[in-house]
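Okay, so here's the structure we're looking at.
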Amino acid sequence: MNYVPIVGWFAGVLVNMSLAFPFWFLWTHLGAGSRYFTWLPSIWHKVPYWDLVGLFVLVHILFDLFTSVKLNFQKVLFKANKK
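Per this note's numbering, the sequence shown starts with residue -7, numbered consecutively.
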């Protein structure tokens, strides 16, 4: 039963990989990064795929972290107002 979180982590990475691929394809091969975001440094116009997957994973982790803190804070406020 201890392998359940690891399976969830792998599933999350697979989801982020599948979400990052269309974004990477549009950004690098179709040139959306260099065409529409000319103000960005040139190194960000051709982002490697695995760097983009890592960025998607990081954004997902930060989103989960901040939304859980917000939900816990709302629970504390709700309990305080109930008294």
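Every residue, glycine too, gets a C-beta built ideally from N, C-alpha and C.
Query raised in the report: Near Thr20, what residues of its chain come up, given a Cβ to Cβ distance below 6 Å and the 5 sequence neighbours on each side ignored?
Result: Once the five neighbours on either side are set aside, the close Cβ partners of Thr20 are Lys38.
Query - CB contact check: Val5 to chain C, cutoff 8 Å - result: Here chain C cannot be found, since the structure has a single protein chain.
Query raised in the report: Given that a residue counts as buried once 16 or more other Cβ atoms are within 10 Å of its Cβ, and exposed if not, what is Trp42?
Result: Trp42 should be labelled exposed.
Query raised in the report: In whole angstroms, what is the alpha-carbon distance linking Thr30 and Gly23?
Result: Near 11 Å, if we compare the C-alpha coordinates of Gly23 and Thr30.
Query - Chain-order list of residues whose beta-carbon lies under 7 Å from that of Ile53 (same chain, five-residue window excluded) - result: The answer is none, since no qualifying residue turns up.
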